[in-house]
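Please read the structure below before turning to the comments.
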Amino acid sequence: MTSLSFLGGAGTVTGSRFLVETDQSKLLVDCGLFQGYKQLRLKNWQPLGVDPAELDAVILTHAHLDHSGYLPALVKQGFSNPVLCTQLTRELCEILLPDAGRIQEADADRANRDGFSRHDPAQPLFTERDAHRALRLFKTCSFDEQQDLAHGETLRFLGAGHILGASIVQLELAGRRITFSGDLGRYNCPLMLAPAPVRSTDYLVVESTYGNAVHPEGDPEDLLEDVIRRTVQRGGTVIVPTFAVGRAQSLLYHLSRLSKSGRIPPVPVYLDSPMAIDASDLFCRQDGGSRLSGEEARAACSVAQYIRDGELSERTIADPQSKIVLSASGMATGGRVLNYLKKYAPDPRATILFAGYQAGGTRGAHMLAGADQIKIHGGWHKVRAEVLNLHMLSAHADASEIMRWLSGFEAPPRRTFIVHGEPDASDALRHRIQEELGWDCEVAEHGQRAELA
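For the sequence shown, position 349 matches number 349 in the working numbering, and the numbering has no gaps at all.
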């Protein structure tokens with residue numbers, strides 16, 4: 001008997017966790033954190049749905065925390081078997097997971113110090129030490145090479161685009177092939193490669209982040225130029241909450257091109273995120289993981305002044321001159337960008353420029369919906385700045401690009417499960433797949449267990 005259980009990433013875009021079970025094995029594909037709405041974040045504290053000690057392996061599609069960020073908690077609960085992923089995914093997790101642990105600890109300390117937690121004392125979900133324990137379990141696999149697992153299963157990683165190291169996962173076990181799309185990338189991204197084609201599978205698990213949307217066709221550099229010029233003309237600063245992995249490097253690439261061509265005013269550009277700086281350094285070192293050579297990547301990243309030191313970050317926040325600041329996190333859920341928002345969100349001369357998907361319940365989603373105040377570190381702050389989103393910079397395939405990828409299958413899967421999307425996005429993609437491809441597909445529900453006949 002083979003079954004597939006949806007322990008996360010179903011009915012929402014966060015917390016991706018998919019359990020594949022046979023009579024001999026239990027494999028968890030992705031091990032993500034729930035983010036966004038409080039009722040979702042609370043799921044991080046609930047039992048996983050399987051004893052972590054019974055898992056034979058965790059398989060990661062990529063490094064983003066909504067796919068990898070629960071690993072330290074899993075290890076804390078007794079998981080001690082291999083974590084399988086690509087080399088670049090491992091290197092990114094070496095940046096992301098310890099940083100997530102530090103943030104968990106810092107948030108708990110701040111809550112205890114300032115008394116704004118309902119828990120006494122507030123505890124971190126996991127610590128930096130837990131993250132390092134998890135990293136010791138990582139074992140890397142090359143793209144397009146078959147890996148033999150402990151109980152006769154085989155595993156193959158195919159390139160997904162999206163970010164460095166991101167993969168489509170193919171499992172073969174008990175006579176069945178199960179394919180997990182992970183997060184699919186774009187077909188015309190200037191930085192990342194297009195997602196690899198898949199010709200056949202018995203069962204398919206496909207993401208639907210933008211299942212009901214098509215990205216604008218405009219040139220992001222045109223919009224960036226307009227926003228930066230307008231903001232600087234009124235004496236303001238552009239604050240870009242940015243995802244440290246992928247989006248920060250994409251923004252640096254576009255800003256570099258704009259700066260070199262003289263299309264934006266000569267104001268300083270700062271990258272204020274140690275994690276994004278580490279990811280950018282990796283981006284400049286990698287060879288073959290993106291469309292850019294190392295030399296091209298280094299040229300793009302050189303547009304910004306890097307800020308690692310906390311005191312320099314505070315001085316940059318206080319500096320009244322116009323500037324462009326990229327700082328994590330991309331949905332304004334944590335990190336140094338919150339200090340910038342406290343200073344600049346109330347400033348009508350400033351622009352807060354988001355650059356991609358904002359999950360429901362995040363500060364980014366609230367601000368783009370027109371919130372006139374946001375809560376940060378227990379206090380409320382007015383929002384008078386201009387607030388915009390660069391949708392076209394998303395690293396996720398849109399609905400048409402997902403359909404383009406699906407059209408590469410030579411035969412329909414027996415069943416297709418739609419995951420990693422808000423309900424309206426997932427159902428819109430279901431409708432398109434059924435109407436345009438005629439496939440048997442369904443939107444997976446949280447906690448659902450499907451028998452794979």
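We put the CB at the ideal spot given by N, CA and C, even for glycine.
Cβ-Cβ separation, residue j to residue i (assumed contact under 8 Å), whole Å
i	j	result
V245	L393	Not confirmed; about 14 Å, so no contact.
Y253	A304	11 Å between Cβ atoms; not a contact.
L74	P52	5 Å
G421	V13	6 Å
P98	A131	5 Å
S322	G438	Contact doesn't hold; Cβ gap of about 55 Å is too wide.
I239	A350	6 Å
D66	Q35	6 Å
V443	V205	Actually they are not in contact, since the Cβ atoms of V443 and V205 sit about 12 Å apart, beyond 8 Å.
A106	G159	Actually they are not in contact, since the Cβ atoms of A106 and G159 sit about 35 Å apart, beyond 8 Å.
Straight-line Cα distance separating residue j from residue i
i	j	result
N112	Q104	12 Å
H64	E217	26 Å
D309	Y340	15 Å
S142	V58	16 Å
V20	E296	41 Å
T242	A453	43 Å
V232	R404	40 Å
F468	L353	The requested residue 468 is not part of the displayed model; the chain covers only 1 to 453.
L448	R17	The sequence shown places Gln at residue 448, rather than the Leu named in the question. Approximately 12 Å between the Cα atoms of the pair.
S5	E445	9 Å
E91	R133	15 Å
P266	S259	7 Å
T61	A122	32 Å
E435	E401	16 Å
D148	I433	32 Å
A524	V337	With the chain covering only 1 through 453, there is no way to say anything about residue 524.
R315	H381	20 Å
E128	R102	5 Å
Residue i vs residue j beta-carbon contact at 8 Å
i	j	result
L33	G15	yes
R199	E410	yes
D398	Y210	yes
A276	A328	yes
G335	S273	yes
G361	K139	no
A174	T416	no
L135	E94	yes
T201	R177	yes
L255	I307	no
L171	E153	yes
G78	A100	no
R186	E221	no
Q373	G364	no
V383	A371	yes
Whole alpha helix (DSSP H) elements within the region 344-401, 4-residue minimum:
363-368
State whether the region 158-168 contacts the region 180-192, with contact taken as three or more CB pairs (one from each stretch) at a distance under 8 Å.
yes
Uninterrupted alpha helix (DSSP H) stretches inside the region 311-347 (no shorter than 4 residues)
337-344
Does the region 46-66 touch the region 332-346, meaning 3 or more C-beta pairs lie closer than 8 Å?
no
Any contact between the region 173-185 and the region 363-378? By contact I mean 3 or more CB pairs, one from each, below 8 Å.
no
Residue ranges of each beta strand (DSSP E) run of no fewer than 3 residues wholly in the region 209-272, ordered along the chain?
238-241 and 269-271
Any contact between the region 245-257 and the region 312-330? By contact I mean 3 or more CB pairs, one from each, below 8 Å.
yes
Which complete beta strand (DSSP E) runs does the region 68-107 hold, if anything under 3 residues is left out?
83-86
Which residue spans inside the region 9-55 form an unbroken alpha helix (DSSP H) run of at least 4?
38-41
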